[in-house]
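Participant: One line per chain: the protein sequences are A and B, in this order.
The first sequence begins at 1 in this note's numbering and counts up by one.
The second sequence begins at 1001 in this note's numbering and counts up by one.
From the three backbone atoms N, C-alpha and C, an ideal C-beta is built for every residue, glycine too.
For reference, the structure I am asking about is given below.
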Amino acid sequence: GIQVEQSPPDLILQEGANSTLRCNFSDSVNNLQWFHQNPWGQLINLFYIPSGTKQNGRLSATTVATERYSLLYISSSQTTDSGVYFCAVPAGGGNKLTFGTGTQLKVEL
Amino acid sequence: GAVVSQHPSRVICKSGTSVKIECRSLDFQATTMFWYRQFPKQSLMLMATSNEGSKATYEQGVEKDKFLINHASLTLSTLTVTSAHPEDSSFYICSAGGGRQGAYSNQPQHFGDGTRLSIL
């Protein structure tokens, strides 16, 4: 099946800093989602981004499907951004997802 | 937007107990829902695809007799962990897409808040 790797695995930032999270996938995909899992386990939809660039406030994402990667940008980070960030792509076609390995982000004051 | 509700949020019970978890799509109908499991410090792994009106499809290595899935209506899927043991302790989370759709309609997935299951 498709392999989805994320980097870095862990990241510690000072509040106000910017960061880039990367998601690499081993096969072509027709959609990709980014999620934020907060400390209570809730998965928050960030982006549904099969290709191109989208922005939502301090967050933006870019997917380059032909090169099999996606990037999530976090600007002016806040402590509430802490948690685990996952990308996910379709598994074997359809809507069931294969999740990436995740990036654990901690934003400190 | 599409809202998925999952209950209960937390269960603590004795070994040998069966536990039922509900997943509801509140503002849309879903012919397909998905169940995932997440162990501490790990990623989410797909367990099974819940199909309205028919049998669930299980991923390799998932015991269908241990994890019973019922999808009797277009807005409700249930996962029952039968005769649960400590190794079944995990975070279980369901997802569904927006709109009445099958498994291949390429829609963004929305997740419930998850159920943290602890078996003593």
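#1: Along the beta strand (DSSP E) that carries B/PRO1040, what are the first and last residues, could you check?
#2: Does the beta-carbon distance from A/ILE49 to A/ALA61 come in below 7 Å?
#3: DSSP puts B/GLY1097 in a beta bridge; with which residues?
#4: Please report the straight-line C-alpha distance between B/GLY1099 and B/VAL1081, rounded to a whole angstrom.
#5: Per DSSP, A/GLN78 forms a beta bridge with which residues?
#6: Report the rounded CA-to-CA distance for A/GLY102 versus B/GLN1006, giving the unit in angstroms.
#7: Under the rule that 16 or more other beta-carbon atoms within 10 Å means buried, what is B/LEU1120, buried or exposed?
#8: Go through its chain and collect everything with a Cβ distance to A/ASP10's Cβ below 6 Å, but skip five positions before and after it.
#9: So, with DSSP's three-state summary, where would you put B/ASP1088?
#10: Measuring straight from C-alpha to C-alpha, what distance separates A/GLY52 and B/TYR1092?
#11: Please name the residues in the stretch 1043-1054 of chain B whose beta-carbon is closer than 8 Å to at least one beta-carbon of chain A, in chain order.
#12: Return the chain-ordered list of same chain residues with a C-beta closer than 6 Å to the C-beta of B/TYR1058, the five sequence neighbours on each side being excluded.
#13: Along the chain, where does the beta strand (DSSP E) that runs through A/PRO39 open and close?
#14: Whole angstroms is fine: what's the gap from A/GLN3's alpha carbon to B/SER1009's?
#15: Of all the CB atoms in chain B, is at least one closer than 7 Å to the CB of A/ASN95?
#16: Mind checking who B/HIS1071 pairs with in its DSSP beta bridge?
#17: Hey, does A/PHE25 have any beta-carbon neighbour from chain B nearer than 7 Å?
#18: Pick helix, strand or coil for A/THR66, following the three-state DSSP scheme.
#19: Can you list the residues of chain B that A/GLN100 reaches, using a CB-CB cut of under 9 Å?
#20: In the DSSP assignment, find the beta strand (DSSP E) that holds B/LEU966 and state where it starts and stops.
#21: Hey, does A/LEU43 have any beta-carbon neighbour from chain E nearer than 7 Å?
#22: In this structure, how does DSSP classify B/SER1077 when only helix, strand and coil are distinguished?
#23: Using a Cβ cut-off of 8 Å, which residues of the stretch 43-58 of chain A contact any Cβ in chain B, in chain order?
#24: Check this for me: beta carbons of A/ALA88 and A/GLN33, under 7 Å apart or not?
Facilitator: Reading off the structure:
#1: The residue you call residue 1040 of chain B lines up with position 40 of the second sequence. No beta strand (DSSP E) holds B/PRO1040; DSSP gives it neither H nor E.
#2: Within the first sequence, residue 49 of chain A is the residue found at index 49, counting from 1. Within the first sequence, residue 61 of chain A is the residue found at index 61, counting from 1. Contact flag set, yes.
#3: Within the second sequence, numbered from 1, the residue matching residue 1097 of chain B stands at position 97. Answer is B/GLN1109, bridged to B/GLY1097.
#4: For the purposes of this step, residue 1099 of chain B is identified with residue 99 of the second sequence, where counting begins at 1. For the purposes of this step, residue 1081 of chain B is identified with residue 81 of the second sequence, where counting begins at 1. Residue placement at B/GLY1099 is flagged as unreliable, the pLDDT there being 45, under the threshold of 50; a coordinate-derived value is accordingly withheld.
#5: Start at 1 with the first residue of the first sequence, and residue 78 of chain A comes out as number 78. None, per the DSSP bridge assignment.
#6: Your numbering for residue 102 of chain A matches position 102 in the first sequence. Your numbering for residue 1006 of chain B matches position 6 in the second sequence. Those two C-alpha atoms are separated by around 23 Å.
#7: Within the second sequence, the letter at position 120 stands for residue 1120 of chain B. In the assembly as shown, B/LEU1120 is an exposed residue. Its beta-carbon has fewer than 16 other beta-carbons within 10 Å.
#8: Mapped onto the first sequence, residue 10 of chain A falls at position 10. Only GLN104 meet the Cβ criterion.
#9: As a working note, residue 1088 of chain B is residue 88 in the second sequence. Helix.
#10: To locate residue 52 of chain A, count along the first sequence from 1; it is residue 52. To locate residue 1092 of chain B, count along the second sequence from 1; it is residue 92. Spanning the two alpha carbons is a distance of roughly 32 Å.
#11: SER1043, LEU1044, MET1045, LEU1046, THR1049
#12: Reading the second sequence from its first residue, position 58 is the one you call residue 1058 of chain B. Once the five neighbours on either side are set aside, the close Cβ partners of B/TYR1058 are ALA1048, LYS1064.
#13: If you number the first sequence from 1, residue 39 of chain A lands on position 39. In the DSSP assignment, A/PRO39 falls outside any beta strand (DSSP E) and carries neither an H nor an E.
#14: Position 3 of the first sequence, counted from the first residue, corresponds to residue 3 of chain A. Position 9 of the second sequence, counted from the first residue, corresponds to residue 1009 of chain B. C-alpha separation (whole angstroms): 30 Å.
#15: Counting from 1 along the first sequence, the entry for residue 95 of chain A is found at position 95. Answer yes: the Cβ-Cβ gap between A/ASN95 and chain B drops below 7 Å somewhere.
#16: Your numbering for residue 1071 of chain B matches position 71 in the second sequence. Beta-bridge pairing links B/HIS1071 to no other residue.
#17: Here residue 25 of chain A corresponds to residue number 25 of the first sequence, with the count starting at 1. Judged by the 7 Å Cβ criterion, A/PHE25 is not in contact with chain B.
#18: Here residue 66 of chain A refers to the residue found at position 66 when the first sequence is read from its first residue. The answer is helix: DSSP assigns A/THR66 an H, G or I state.
#19: For this step, residue 100 of chain A is matched to residue 100 along the first sequence. For the sequence presented, residue 100 of chain A should be read as Gly rather than Gln. The contacting residues are SER1043.
#20: The question about residue 966 of chain B has no answer, for chain B in this structure spans 1001 to 1120.
#21: Absence of chain E from the displayed structure is noted, the protein chains being A and B.
#22: Residue mapping note: residue 1077 of chain B aligns to position 77 of the second sequence, counting from 1. DSSP places B/SER1077 in strand when its eight states are reduced to three.
#23: LEU43, ASN45, TYR48
#24: Against the first sequence, residue 88 of chain A aligns to sequence position 88. Against the first sequence, residue 33 of chain A aligns to sequence position 33. Between A/ALA88 and A/GLN33, the C-beta gap is smaller than 7 Å, which places the two residues in contact.
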